[in-house]
Amino acid sequence: MTKRREQETDLTPTEATDRVWELAKQIDICMFVTWDGEYNRARPLSARVQRDENAIYFLVNNDGAKNKQLSKYPKVTLAWSDSSHYKYVTISGSAAVTNDRQKITELWEKTDGAWWENADDPEIRLITVKPDEGELWDSPGLVVATAKMVFAAVTGAKPEVGDNAKVDL
12 MTKRREQETD LTPTEATDRV WELAKQIDIC MFVTWDGEYN RARPLSARVQ RDENAIYFLV
72 NNDGAKNKQL SKYPKVTLAW SDSSHYKYVT ISGSAAVTND RQKITELWEK TDGAWWENAD
132 DPEIRLITVK PDEGELWDSP GLVVATAKMV FAAVTGAKPE VGDNAKVDL
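So this is what it looks like as structure tokens:
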């Protein structure tokens with residue numbers, strides 16, 4: 012874990028890494044971005060963030076276009092947004108689609124019943140993302156960030172509205 016580029020943060024690389032994982036888990040739904048050879052394609056998916064396994068999991072349908080895209084272009088970007096609190100995270104890495112029935116059963120949540128009958132549904136597949144790098148934008152919240160932006164506008168100073176850090180994962 013090392014600093015990758017200029018950052019606007021007092022966080023150590025370890026603290027920034029911890030915060031990337033924490034925010035990804037807290038926010039849950041992310042935009043899962045793939046490449047189809049011509050365009051980036053994004054869709055919202057529920058992320059099962061498992062830092063101890065250095066993995067982020069997604070339950071998906073077997074026939075999804077993203078599965079075909081990943082077989083040819085496995086690099087993905089995941090983007091989480093909590094805009095009401097000015098907290099944002101991206102994680103990039105490699106993804107693979109499998110039919111790991113044991114892991115699918117382990118990850119199954121009651122809300123998955125909206126999409127499939129149960130964890131044994133033969134149409135469910137597992138996407139596993141192994142992160143390479145992450146970036147966060149983490150502010151102290153709407154009220155504080157707004158006050159700092161107003162102060163900056165009045166004084167002409169650059170607003171300090173939170174942390175921005177890029178780290179290897």
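Residue numbers for the sequence shown follow the working numbering, beginning at 12 and rising by one. Built from N, CA and C at the ideal position, the CB exists for glycine as well.
With C-beta atoms as the reference, is L56 less than 8 Å away from F69? Locating residue 56 in the sequence shown gives position 45, counting from the first residue. Locating residue 69 in the sequence shown gives position 58, counting from the first residue. Yes.
Helix, strand or coil for D29? Go by DSSP, reduced to three states. Stepping through the sequence shown from its first residue, residue 29 is reached at position 18. Here D29 sits in helix by DSSP.
How long is the line joining the alpha carbons of R112 and T139, rounded to whole angstroms? For the purposes of this step, residue 112 is taken as residue 101 along the sequence shown, with counting starting at 1. For the purposes of this step, residue 139 is taken as residue 128 along the sequence shown, with counting starting at 1. When rounded, the distance between both Cα atoms is 13 Å.
Which of the three DSSP states, helix, strand or coil, is assigned to P133? Here the question's residue 133 lines up with position 122 in the sequence shown. Coil at P133, not helix or strand.
R112: first and last residue of the uninterrupted alpha helix (DSSP H) it sits in: Position 101 of the sequence shown, counted from the start, is the residue given in the question as residue 112. Segment R112 to L118, the alpha helix (DSSP H) holding R112.
Looking at the unbroken beta strand (DSSP E) that takes in L70, where does it start and where does it end? Here residue 70 is taken as the residue at index 59 of the sequence shown, counted from 1. Taken as a continuous stretch (DSSP letters only), the beta strand (DSSP E) holding L70 covers A66 to N72.
Residues bridged to I38 (per DSSP): Along the sequence shown, one-based indexing puts residue 38 at 27. Answer is none; I38 lacks a bridge partner.
Using a Cβ-Cβ cut-off of 7 Å (strictly less than) and excluding sequence neighbours within five positions of V60, which residues of its own chain qualify? Position 49 of the sequence shown, counted from the start, is the residue given in the question as residue 60. Hits under 7 Å: W32, A35, K36 and I67.
So, for W91: in the same chain, excluding its five sequence neighbours on each side, which residues have a beta-carbon less than 6 Å away from its beta-carbon? Residue mapping note: residue 91 aligns to position 80 of the sequence shown, counting from 1. The answer, listed in chain order, is A35, I38, C41 and V100.
Less than 8 Å between the CB atoms is what I'm expecting for L137 and I102, so what's the real figure, rounded? Taking the first residue of the sequence shown as 1, we reach residue 137 at position 126. Taking the first residue of the sequence shown as 1, we reach residue 102 at position 91. Wrong, their Cβ atoms sit about 17 Å apart, outside the cutoff.
N- and C-terminal bounds of the beta strand (DSSP E) containing S105: For the purposes of this step, residue 105 is identified with residue 94 of the sequence shown, where counting begins at 1. Start and end: K98 to T109.
DSSP three-state label for T45, please. The residue labelled residue 45 in the question sits at position 34 within the sequence shown. It is a strand residue.
Distance check for A76 and T20, CA to CA, integer angstroms please. Taking the first residue of the sequence shown as position 1, residue 20 is located at position 9. Taking the first residue of the sequence shown as position 1, residue 76 is located at position 65. The alpha-carbon atoms of T20 and A76 are separated by roughly 38 Å.
Can you say whether E117 is buried or exposed, counting buried as having 16 or more other CB atoms within 10 angstroms of its CB? Working through the sequence shown from its first residue, we reach residue 117 at position 106. The residue in question, E117, is exposed, as its Cβ has fewer than 16 Cβ neighbours within 10 Å.
Here's a check: name, in chain order, each residue in its chain whose Cβ is nearer than 7 Å to the Cβ of R30, leaving out the five neighbours to either side. In the sequence shown, the residue the question calls residue 30 occupies position 19. Closer than 7 Å at the Cβ level, and outside the excluded window around R30, lie L22, L147 and D149.
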